[in-house]
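Note sheet for the following structure.
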Ligand SMILES: [Zn+2]
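Numbering (our numbering), first residue to last: 48 to 1068.
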């Protein structure tokens, strides 16, 4: 080691002597001195860095021991008295600011690390170039170092630091897997001192990085059986990765290796070590990956090598990774500016993260294409353009999202013919339309929800929830596509190219991009960037009127538009005429059009206005025939949040497609209707075949937008069809998270109608805690008693009731809590007069031996009809009859399950002991405790193999219940039981989540109870 260091030092002294330099440590690329970039700004400067790092990694202890020598050139106009280093890994010790930040949001990833899994960076010494000790203080992830003498502008200072860094067990960027390591943020790294913010010494709270550009000469020593990939040129390739070893590691030899099968051993561990020596120029960080299981693929574009480092257990599904990398490198280079480094590594390390010349990836072919494209894309916006990600994450994440989608949108589709003939091409990619790719739906869905709480100009640590933070990706990409609609694609391309070339290896801020956009386009764009970066308004235009008039032989189209959103944009509108020709119309929002408009287009007068100011606009357009259709932005770039009213013509914009039950890609400019066959079965009618539909516009899981779902099924000719209908809509005037709904069913068994209202109260859109309050009016009548399943009893007559429901859901550390209070009472016009209430609490504690605790209290009045009455061993008859998997009426499920109550519907007391279901209860109080004892069984040989093979999870439970029957008799039961559960993942999630459960209990106490085994299709709770 020492010898190697001396060789390298002497080698570089020699290099500098030959070059006529006088000191061995003077960097060749000393940053950018003050005033040297007048094209950026007269006060632009960039500090110079030159690291020499010598490190040893011991996988036995997860520790890196290293020494670094940093030559730091002060190019700023300021004299420095102290500097800051990042010691990032201190974030991964319980009690760190990162821990406090995360646990405040219910994430105890760091708090719960065992002592052995703590991270941390130990600084052993800090010296100046003459060997004098420097005084320093460490504050969480910052180290402040006081200089021995002031550092004036233009002068270098030397820091020599001995350090030790430990891999933590946290789910973090620097992380370890079963058989690999990702070494990132592992050395004390100088913080950036820049022209805008001075010292950028933000504490590390888990998001984004920032570094100065310079030279890194570094080496890493580790056991000889590890294969390493790192940032920079591998200087001793012949020694550590000779040709014969590369042959043995060639990934193509493992193309047929079964996925997840244990890797072979290529280099026997023999106690020896290898030293990997690198040099990287013009980078702002270095990282490495290491694993004995890496197998290597190689591809090339124009002299740039792309390597894939895949672990052998995934090698069969990583065969094309290097080639995919080369395609992205080529396309990004051609579009935005050439890739300036000599290589790129894509690696299989369960991550999605970028480092200079190295990306840490996951997933398998072909699903990983988008991820590889994104992380490689970062080598343009992050790697070669070093923006301040912590301060404004959109400059790297959003720009990268944009360039990835441009390439996915164009090159990938073309190349998919050569690379993906099979399943991927036909089933996966084509379903995402170009318009879909251009519009990251996340932004549109957030914008519609009204829960877009932060403008893009927000510090990355200041977003309250990850879902909102994700907008730095999606909204920025949308912004750049919308800039295309304003300026035209060619001008935006030139803006991006100018930005890339001017800020190559520099530190831009948002205002720099805005200035270049103005300079290249020659337009005033302050309005555009203010809307997109500083505000959270929405774009929402509508064509409200469209007609043609004929005056003598001339036609005129009269069109009226309305702006509902607060944002303004210029509009391109395509008119389709009766003679099948088209006429394009451009409506500028500034004095003149801001992009070149073809002569054949009609340019209207300017529509100035925003918010409610001037929100209606009419225009007359001379044309050659009457108009049949008008459509705003057929290119699909405009991020209009409701595009169904952007088209006016003969047909409503509707798209009908088969419901594949798995993947839904919403259509931007049409209302989606998904249809599929549907049937129920009962022993009276036999099979009732029909059709099911599901429809809505830009639907997503979090924000319940307007949608309908329903089915209609044929019964016998003499009988009316089975009908089911559900409709839900947000109630906008209250807020986007207030909903009304209608539920209607008419079957052989019964007729049900519910009209309800739900308000969700929450401060974030996706995270706990939140409250949900519902008020429901319900009407229900038995249609025909012969459809009542044999195991139920049901009373005839129309019942009307009101249901009040309050739910509260929270999460703190290892505990999640769900509370529900439900009250139902009959109202005027109901045949039965009754009242019921239920109070349920569920706590789930994720200890090694997880514990789920449920309590339940229920009460009901005497008049409660049988179908509504609570059942001791399960939920109400009524609810189970309306569970989709159960319904069909009599004969819907095999009757042997119900003899002796061997089918259990969860709810109520969740009891399994043999209790007569005929007992009608007045009240019941219950506690259910259950656990998955896997962590104890895992020590038994073969247990995990069997468990994984069968996909089953064991279950142990104890239930205690007290109850009183309507006859006034009270009783108590304590039962102990065990069983297994298996998720029914074969059933598409669109049909619901099912778990097969077989368990049984023996009564420990309870005069009438007996042992019993039950089957269920749901978890107990
Ligand atoms: Zn990213």
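From the three backbone atoms N, C-alpha and C, an ideal C-beta is built for every residue, glycine too. As the structure is a prediction and not an experimental result, all values here were calculated from the model.
Roughly how many angstroms separate the alpha carbons of residue 603 and residue 588, rounded to a whole number?
-> Along the chain shown, one-based indexing puts residue 603 at 556. Along the chain shown, one-based indexing puts residue 588 at 541. Approximately 22 Å between the Cα atoms of the pair.
Measure from the alpha carbon of residue 939 to the alpha carbon of each residue in 901, 897, 1068 and 796, then state which is nearest.
-> Locating residue 939 in the chain shown gives position 892, where the first residue counts as 1. Closest by alpha carbon: 796.
Can you tell me whether DSSP reads residue 70 as helix, strand or coil?
-> Mapped onto the chain shown, residue 70 falls at position 23. Per-residue confidence for residue 70 stands at a pLDDT of 42, beneath the threshold of 50, marking its modelled position as unreliable; the derived number appears in the next sentence. Here residue 70 carries a coil assignment [DSSP, helix/strand/coil].
Rounded C-alpha distance that separates residue 969 from residue 927 = The residue you call residue 969 lines up with position 922 of the chain shown. The residue you call residue 927 lines up with position 880 of the chain shown. Whole-angstrom Cα-Cα distance: 20 Å.
Counting only the same chain and skipping the five closest in sequence on each side, list residues whose C-beta sits under 6 Å from that of residue 477.
-> Mapped onto the chain shown, residue 477 falls at position 430. At residue 477, the pLDDT of 44 sits below 50, so the modelled position is not reliable and the matter cannot be decided from this model.
Which term fits residue 495, buried or exposed, when burial requires 16 or more other beta carbons within 10 angstroms of its beta carbon?
-> Counting from one through the chain shown, the residue named residue 495 turns up at place 448. Burial is judged here by how many other beta carbons sit within 10 angstroms of a residue's own beta carbon; residue 495 has at least 16 and is buried.
Would residue 402 be called buried (16 or more neighbouring beta carbons within 10 Å of its own) or exposed?
-> Here residue 402 refers to the residue found at position 355 of the chain shown. Buried, by the Cβ-count rule.
Would you kindly work out how many angstroms separate the C-alpha atoms of residue 163 and residue 780, rounded to a whole number?
-> Taking the first residue of the chain shown as 1, we reach residue 163 at position 116. Taking the first residue of the chain shown as 1, we reach residue 780 at position 733. Their backbone Cα atoms lie some 54 Å apart in a straight line.
Pull every residue with its beta-carbon under 6 Å away from any heavy atom of ligand 1, and keep them in chain order.
-> This selection yields 421, 425, 444 and 447.
Can you have a look at residue 143 and say buried or exposed, based on whether 16 or more other CB atoms are within 10 angstroms of its CB?
-> For the purposes of this step, residue 143 is taken as the residue at position 96 of the chain shown. With 16 or more other Cβ atoms from the protein chains shown falling within 10 Å of its own Cβ, residue 143 counts as buried.
Terminal residues of the alpha helix (DSSP H) in which residue 146 lies = Sequence index remark: in the chain shown, residue 146 carries index 99 (1-based). Where residue 146 is concerned, the enclosing alpha helix (DSSP H) stretches over 144 to 150.
Determine which residues share a DSSP beta bridge with residue 302 and list them.
-> Taking the first residue of the chain shown as position 1, residue 302 is located at position 255. Beta-bridge partners of residue 302 (DSSP): none assigned.
Start-to-end residues for the alpha helix (DSSP H) that takes in residue 1070 | Residue 1070 falls outside the range modelled here, since the chain spans only 48 to 1068, and no answer is possible.
Quick one: what's residue 665 bridged to in DSSP?
-> Position 618 of the chain shown, counting from 1, holds the residue named residue 665. 607, per the DSSP bridge assignment.
Report the three-state DSSP secondary structure of residue 553 (helix, strand or coil).
-> Here residue 553 is taken as the residue at index 506 of the chain shown, counted from 1. Residue 553: coil per DSSP, three-state reduction.
Backbone secondary structure at residue 526 - three-state DSSP | Walking along the chain shown from the start, residue 526 turns up at place 479. Helix, per DSSP.
Separation of residue 961 from residue 1057, as counted between CA atoms = Within the chain shown, residue 1057 is the residue found at index 1010, counting from 1. Within the chain shown, residue 961 is the residue found at index 914, counting from 1. A straight line joining the alpha-carbon of residue 1057 with that of residue 961 spans about 5 Å.
Per-residue burial, residue 173 [other beta carbons within 10 Å of its own, 16 or more giving buried] | Taking the first residue of the chain shown as position 1, residue 173 is located at position 126. The residue is buried, with at least 16 neighbouring Cβ atoms inside 10 Å.
Identity of the residue in 192, 151, 180 and 399 nearest residue 127 by Cα | Indexing the chain shown from 1 puts residue 127 at position 80. For residue 127, the nearest C-alpha among the options comes from 192.
How many Å lie between residue 308 and residue 710 at the Cα?
-> Along the chain shown, one-based indexing puts residue 308 at 261. Along the chain shown, one-based indexing puts residue 710 at 663. Rounded to the nearest angstrom, the two C-alpha atoms are 29 Å apart.
Specify the secondary structure class of residue 254 as computed by DSSP and reduced to three states.
-> Walking along the chain shown from the start, residue 254 turns up at place 207. Residue 254 sits in coil when the DSSP states are folded into three classes, being neither helix nor strand.
Any idea which residues DSSP pairs residue 400 with across the strands?
-> As a working note, residue 400 is residue 353 in the chain shown. According to DSSP, residue 400 bridges with 407.
Relative to the alpha-carbon of residue 209, which residue among 824, 404, 168 and 825 has its alpha-carbon at the smallest distance?
-> Your numbering for residue 209 matches position 162 in the chain shown. If we check each option's Cα against that of residue 209, 168 comes out closest.
Determine the contact status of residue 441 and residue 359, defining contact as a CB-CB distance below 7 Å.
-> Here residue 441 is taken as the residue at index 394 of the chain shown, counted from 1. Here residue 359 is taken as the residue at index 312 of the chain shown, counted from 1. No, Cβ-Cβ distance for residue 441 and residue 359 is not below 7 Å.
Spatial distance of residue 158 from residue 828 (CA atoms) | For the purposes of this step, residue 158 is identified with residue 111 of the chain shown, where counting begins at 1. For the purposes of this step, residue 828 is identified with residue 781 of the chain shown, where counting begins at 1. Roughly 54 Å separates the two Cα atoms.
What residues in its chain sit with their C-beta under 6 Å from that of residue 11, if we drop five residues either side in the sequence?
-> With the chain covering 48 to 1068 only, the question about residue 11 has no answer from this structure.
Is residue 1061 helix, strand or coil when you go by DSSP?
-> If you number the chain shown from 1, residue 1061 lands on position 1014. Strand.
What are the boundary residues of the beta strand (DSSP E) that includes residue 419?
-> Taking the chain shown and counting its residues from 1, the one referred to as residue 419 is at position 372. For residue 419, no beta strand (DSSP E) run applies; the uninterrupted alpha helix (DSSP H) run containing it begins and ends at 416 to 424, by DSSP.
Where does the unbroken alpha helix (DSSP H) through residue 291 begin, and where does it stop?
-> Against the chain shown, residue 291 aligns to sequence position 244. Where residue 291 is concerned, the enclosing alpha helix (DSSP H) stretches over 290 to 296.
Of the residues 201, 1060 and 344, the one placed nearest residue 122, counting alpha carbons only = In the chain shown, residue 122 corresponds to position 75, counting from 1. Of the candidates 201, 1060 and 344, the one whose C-alpha sits nearest the C-alpha of residue 122 is 201.
Local Cβ density within 10 Å of residue 993, reported as buried at 16 or more and exposed below that = The residue given as residue 993 occupies position 946 in the chain shown. Classification for residue 993: exposed.
By Cβ distance below 6 Å, which residues in the same chain neighbour residue 390 in space, the five residues on each side in sequence not counted?
-> Along the chain shown, one-based indexing puts residue 390 at 343. Excluding positions up to five away in sequence, the list reads 352 and 404.
Out of 758, 487 and 231, state which residue places its alpha-carbon closest to the alpha-carbon of residue 111.
-> For the purposes of this step, residue 111 is taken as the residue at position 64 of the chain shown. Considering only alpha carbons, the answer is 231.
Span of the alpha helix (DSSP H), counted from its first residue to its last, around residue 104 = For the purposes of this step, residue 104 is taken as residue 57 along the chain shown, with counting starting at 1. Premise fails: residue 104 lies in the beta strand (DSSP E), 95 to 105, not in any alpha helix (DSSP H).
State the Cα-Cα distance for the pair residue 1050 and residue 726, rounded to the nearest angstrom.
-> Looking up residue 1050 in the chain shown gives position 1003. Looking up residue 726 in the chain shown gives position 679. Answer to the nearest angstrom: the Cα atoms are 40 Å apart.
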